[in-house]
Each structure stands twice: as structure tokens, then as C-alpha cells.
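Report on the following structure.
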Amino acid sequence: MSSPADATGVRTALWDLPVRVIHWSFVVLIPALWWTAENDRMALHMQIGTVLLQLLVIRVLWGCVGGSTARFAAFVRGPGAMLAYLRGKTDAAAAGHNPAGGWSVIALLGLMGLQVTLGLFSGDEDDGAVGPLNHLVSFRTADRASNLHGLVFYAILALIALHLAAIVYYRVVRRDRLITPMVTGKRVLPAGTPGLVHAPAWRFFACVVVAWLVGWAIWSGVKV
Ligand code: HEM
């Protein structure tokens, strides 16, 4: 599968297909969610929001049972490892997320999870669109959820800005391209660096089924 790329490195499988497709889906869906909310296309906003929620469910499950570099256990490291990495004391050329990148993934997934959860309860039924679980909470709670839903969006934007700044830093200072591997799934790594170990496809389909059931429960099963 891998072929020699230069004198010191080999092209090695790094990110599996589910990780890449879900990543680029977020890139498309987050601006779409902003645009639909700003232009009062709330039915579409909630449909896209539900798809994003389902993708988050798949990503979290894939982080437990997916390919080796997708797994949280492979990239969530303690504060010591992260500080050592930031001080340049560890080898950056390992397959998968470095400790700082790993925590940025957790922060982004966590904030998006919070945002979709708030969206489910948001809105005012006397004035505009309401999320599919809005009827389960009081008016006051829904109002708080709506306000937070507006605010958390800015926190997501701030994290995305940090993420983009890190990509530019790696490109310019460390001469390391992070975007190409997220497209092709491969990266040049020192010979002998262990690459991605794929998970069987049935596990991915099981994650999709669970995510579909969650979407179904939110829109019909829970509503009585
Ligand atoms: C990462 C995912 C999401 C993003 C980035 C997002 C973004 C936004 C933004 C920017 C607004 C406008 C807030 C304002 O004007 O103050 C909004 C409003 C809203 N969103 Fe989302 N949203 C997401 C997911 C969802 C989901 C999953 C649902 C429900 C299925 C949802 C339901 C709503 C509702 C009902 C409103 C109107 C709230 C109000 O009346 O103030 N959103 N969203």
C-alpha cells in the first residue's frame, strides 16, 4: 500500500475514510447552519443540524471502535504529555494526532455536541421555529438554551480560527502539510512508523445505524 516517497520517508496510511468524510462534512455543514439561521430557513437549519448531530454520534462511536488513528485512546493524552509536546520535547512525526491536536479535536467535538444539544431545545413556540425537543422543557429553559445556542456558535468559530491558525503554523514554520493527508488519507512518515490499522467496515455500518436511530428517536420516538 505504501510506496517510497523520498530518501527518509514512506507514504503511510494515516486517516481512514470515515474520519475524512466526517471532517469535510463539518467544514461544509457548519457554514450552512450559520447561513440557514441567518436567513430564517429554520426547517432546513434543523434538518442539517440533525445530520450534523448524527455525524457527531458516528464520530464519537468511531472514536471508540474505529481505525487506530480515529480512536480517542490513541490521541487523548494527559497534561504532562501535552506540555512536553508544546515544549518540543517529543517527536512530532508520529502517525495520528499529536497531544495538542488531540485536545483540539475533543474541544471541537465537545462544543459541537453542546451546540446541537442546545439547538434541540431552542426556540419560542409563539414566535418562530422550535427545536424538536423544545416541548420537553419550560419556556424559561428554552429561552436560555436559545441564548446559549447563539453564544456557543461564537465559541465554535473561535476554535475553528485556532484550528486554521495551527494549520498555517505547521505549514509555514514546521513545513508540514496537514490538509493533504485529510484529503488523501496518507502522509509521508519516517520508515518504520506504524500507520493506520483499519477497522472492519461492519463496525462503521453499525455506527451509522445507531446514529440513524438517534435521529429517528429525536424527531418521532421521543415526541408524544
Ligand atoms: C453545530 C450545529 C449548529 C450550529 C452551528 C447552529 C447555529 C445556529 C445559529 C448561528 C443560530 C442563530 C442564533 C441567533 O440568531 O442568536 C441558530 C438558531 C437556531 N438553531 Fe441552530 N445550529 C446548530 C444546530 C442546531 C440543531 C441540531 C437544531 C435542532 C434540530 C437547531 C435549532 C435551532 C433553532 C430552533 C434556532 C432558533 C433559536 C431562536 O429562536 O433563538 N440548531 N443556530
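For what it's worth, my numbering labels the leading residue of the sequence shown as 14, then goes sequentially.
No residue lacks a Cβ here, since even glycine has one placed at the ideal position from N, Cα and C.
- Using a 10 angstroms sphere on the CB of histidine 148, the tally of other CB atoms stays under 16, which defines it as exposed.
- Distance between arginine 187 and isoleucine 180, taken at the CA atoms: about 10 Å.
- Counting the other CB atoms within 10 Å of its CB gives threonine 63 a total of 16 or more, which places it among the buried residues.
- The beta strand (DSSP E) runs lying completely inside the region 100-170 and spanning 3 residues or more number zero.
- Looking from the CA of glutamine 60, the closest CA among Gly115, Pro145 and Trp28 belongs to Pro145.
- Excluding sequence positions up to five before and after alanine 45, its CB lies within less than 6 Å of the CB of Ile61, all in the same chain and listed in chain order.
- Taking 7 Å as the cut-off, the C-beta of histidine 148 does not count as close to any heavy atom of ligand 1.
- Inter-residue distance for histidine 162 and glycine 136 is about 10 Å (C-alpha atoms, whole angstroms).
- Look at threonine 21 here: in three-state DSSP terms it is coil, with no helix or strand label.
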